[in-house]
Each structure stands twice: as C-alpha cells, then as structure tokens.
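So the sequence shown is numbered by our numbering: it starts at 4 and just counts up by one.
Glycine included, each C-beta is placed from N, C-alpha and C at the ideal position.
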Amino acid sequence: MIYFFSYITILFSACCEILISPKRRVDFRKMALFLFALSFSIIAGIRYGVGIDYFTYYGIFSRTTEFSIDYFFTIQWLEPGFRLLVYLLNRAGFSAYFMFFFFAFLSLTLLTKGIKKSSNLSLFSFFVFFCLFYTTYIFNVMRQGIVMCLFVYLLDDISKRDLKKVFLLSLVGISIHYSGIFILLSYFLYSLRISKRNVVLLILAGLLMIIVNTHVSRILIPLIPGYVGDKLLSYHTSRGASIDIFNLLQRLLIFIPFIGFYERLKSLKPNFLGFFNMYIVGFLLYGLFSFEALFATRINMFFRILEVVLVPYVVEIHNSRINRLVLFALLGLWLTVVFVSQLRSPSIFPFITIFDVAWR
C-alpha cells in the first residue's frame, strides 16, 4: 500500500507540473520537493528488513567501536569516509533506525537540490528517481546512492566548469563509495562534442562489447592495476553472472527519444550535450565491463542517474500541452513498468515497518 500511495502522489504532482506552462514560475515545487525528501527518508527509516543490504547495514550501524585508525580500514569494502560518518552518529547515541533515515535524507536532499538547479520539471525528475532508483539505491546500495545523488547535485557545477568544487566534493564522494571517481571523470566528459551519427555508433559498440564480454574479460582484468583491479577481480571470481536482458532492453529503449529529438534537445537545452556525453560513456563502460553483471550494473546505474535530468528534457522541449502529455504518458508507462518489476523482489515487497515487528 505504501508503494502505491507514494507512486500515485508523485505521479499526480508530476502530471500537474506538466500541465503548467513551462514559462510559468511555480513556487510550490520547492516545498513539494522538501516534503518528498523528508517523507521518503522517513519511509526509509521506519522500514524493517526491506532491502537485500538491510541487515548488513543494520549490523554496521549498531556496532559500537572505540576510535582507532584501524577502525577506518579493517573492512576493505567499507570506505573510510562512510565509516567516519557512522562512527560519529554511533558515538552521538543515534540508533541504527535513525541512521537509515539520516543517510536517506542526505541522499534525497542532495538529489532535490541538484534537480532544482538542472531541471525545470523538478517534480517529474523526482518521479523518474522514485521509479528507477529509490528502492534500489536508498534501500539497498546505500553508499553508492549517496554518491549518485552527490553527482546530481554537482551537475550544475560541472556545467559551469567549477573544477575546484567538483574536485573537492569528488574526493568526499570517493571516501564514501569508490564510484565517486566517476564524478571527476564526468567533469572532463562534459566538454566532448559527439555527433548524432557517432552516438549511434557508440551505442552499437557498447552492444558489441556486451555480446563478446567473456573474451573481453580475459584481456581486460589483468591490465587493471591497484584497488580497482582487485575489486573487479573479486566481483568476477565470486559473483560472475550474465547481463539481465530486461535491464538491457529498457536501457536501450530510453535511447529512442534521446536520438529521435537529438538536434532539438541540443539546440534548446544547452546542457543536454554535455550530460548526454556522460550518459553515453556510461553505456560504453557498461558494455566494457559486462562480463561481470554486478560490477557493470553498478557503473551503468551510476551514469543512469542522469536520466532524472535527461528524461524530463524530452518533455520540456515541447511547448504544446498535448505533445507534453503524450510524451509524459509514454515515458511514465516505461517508468511504471520498471518500478513494478522492482517490486517483484521479495526483499522489497511487501513493505514491513519497525512498528509491524514491534506489534507482533
């Protein structure tokens, strides 16, 4: 029920936004985004056992440890910056449930501040995030979720070429999750200029790499040095799997409006080309590392967070209210199918709260 109510609420808000003239200033968006961030953080905080990683993080949040240098490096997969935040919250006396709320609110605050700066259809942007990323990167892959939302927050600074701010906050991001390195990479990708023809060729190249991923893995893994190579090797040897066909197909599906309206998007939305450069490179990396599905998916989803800005662009460039509604309906249908498919996971549905457990 909570998923259905949340979905309907955000969908209705986004639909109202679409119906309003794009040139009209709408002040209710700011309050709506804050209420969404707060409400969905509370939902993340009161859940119990929802999400594959729930009990792993619950154990980390509940652990009381004395301060020491070794504390920040004993568990290799837990980055020191995230560990420091957990330590400070733990020593301040906050419970594990509060930490679930805190990290969700941190992520969603960064997200909403970012989409307010980069999207004129900010409620639609939040709807995209809710359908594609909320249950996965707020409930599950929490550390990467924080960094992905930091990425959205920094999109405006990337477009304004503020290297100092992007560099410093990228370091903060890396200390929380290694994927933060892609924020800094994106700063340089933004300046690339890729023609529509080359975009199509790059998509085909990514598909080709997915097809031959087993052979690529034998060549690529030995060439990657240091921490990244060790991390990739651990994924490859212990969790190897094939790419999910549904995820690949819906990934390819969203390219259709981007390519179809490419010239119009490029001329009407100055940031589109730079953001789309990052998006395309993300797909190439997805193909390049597709020999290990989990690792490839992590990279893929990091750059797919750009869809919270790019997808609303497709609607925004049309002045006709009918065209906007038709495109919103088609994109909304795609988002709904993806969202419903996520609810098929027994770790996500049904939604159980801490109150359900207390009253048993």
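Here residue 200 carries a helix assignment [DSSP, helix/strand/coil].
Here residue 201 is exposed. Its C-beta has fewer than 16 other C-beta atoms within 10 Å. CA-to-CA, the gap between residue 263 and residue 340 works out to about 22 Å.
Leaving aside the five residues that flank residue 13 on each side, the residues in its chain whose CB is nearer than 8 Å to its CB run, in chain order, 39, 126, 129, 130, 133. Rounded to the nearest angstrom, the gap between the Cα atoms of residue 66 and residue 294 is 36 Å. In this chain, the alpha helix (DSSP H) harbouring residue 188 covers 184 to 192. Under a 10 Å Cβ-count criterion, residue 290 is classified as buried, with 16 or more other Cβ atoms of the shown protein chains found around its own Cβ.
Within 10 angstroms of the beta-carbon of residue 168 lie fewer than 16 other beta-carbons, which makes it exposed. Proximity to residue 189 across 316, 151, 350, 210 peaks at 151, based on C-alpha coordinates. One Cα belongs to residue 316, the other to residue 331, and the distance between them is close to 11 Å. Within the same chain, and ignoring the five residues on either side of residue 141 in sequence, the residues whose Cβ sits closer than 8 Å to its Cβ are 43, 47, 107, 110, 111, 148. Under the 8 Å Cβ criterion, the segment 203 to 210 does not count as touching the segment 171 to 186, having fewer than three qualifying pairs. Shown here, residue 50 sits in a strand according to DSSP, grouped into three states. With a 10 Å radius around the Cβ and a threshold of 16 neighbouring Cβ atoms, residue 319 comes out buried. The shortest CA-to-CA distance from residue 196 to any of 329, 284, 174, 342 is the one to 284. Contact between residue 192 and residue 281 holds: CB atoms are separated by about 5 Å, below the 8 Å threshold. Each residue's CA atom was taken as its position, placing residue 186 and residue 21 some 30 Å apart. Residue 356 is bridged by DSSP to 50.
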